[in-house]
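Here's the structure, in structure tokens; my notes come after.
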Amino acid sequence: MRTKTAIAGLVYPQVNAVLFGLGIIATLLIPTLKVHAMTVLPIVIASSLVLSVPLTWWIAPRLRLRYWRSRRDAPYGGR
101 MRTKTAIAGL VYPQVNAVLF GLGIIATLLI PTLKVHAMTV LPIVIASSLV LSVPLTWWIA
161 PRLRLRYWRS RRDAPYGGR
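Letter 43 of the sequence shown, counting from 1, is numbered 143 in the working numbering, and no numbers are missing.
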């Protein structure tokens with residue numbers, strides 16, 4: 101298993117929980133969405149599951165030490 105895949109597997113539940121929480125809060129705070137909550141909540145659940153994958157894949161390499169080491173040693177703070 102690649103390191104990026106392992107990190108992504110560990111980060112996915114946290115990213116999914118944050119996206120799900122944002123969707124639920126938005127659904128319950130916006131009156132128009134609150135009225136249609138029975139329809140909107142399954143959409144929020146499905147979209148949080150789907151959107152978490154690319155976001156996690158983007159975050160995973162940034163959690164490795166070599167990403168930050170190369171940026172710290174570069175002149176003027178990185179790329």
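Where is the CB? At the ideal position from N, CA and C, for every residue including glycine.
Cβ separation of residue i and residue j, assumed to be a contact under 8 angstroms, to the nearest whole Å
i, j, result
"residue 146", "residue 107", "Not a contact, Cβ separation roughly 24 angstroms."
"residue 156", "residue 118", "Not confirmed; about 11 angstroms, so no contact."
"residue 152", "residue 112", "6 angstroms"
Straight-line gap, residue i to residue j (C-alpha atoms, nearest Å)
i, j, result
"residue 101", "residue 164", "15 angstroms"
"residue 126", "residue 120", "10 angstroms"
"residue 169", "residue 158", "18 angstroms"
"residue 104", "residue 144", "27 angstroms"
"residue 154", "residue 109", "12 angstroms"
"residue 162", "residue 150", "21 angstroms"
Contacting residues, own chain, Cβ-Cβ under 8 angstroms from residue i (five flanking each side not counted)
i, result
"residue 137", "127 and 128"
Of the listed residues the options, nearest to residue i (C-alpha basis)
i, options, result
"residue 142", "123, 153 and 130", "123"
Same chain, Cβ closer than 7 angstroms to residue i, neighbours up to 5 away in sequence not counted
i, result
"residue 140", "127 and 133"
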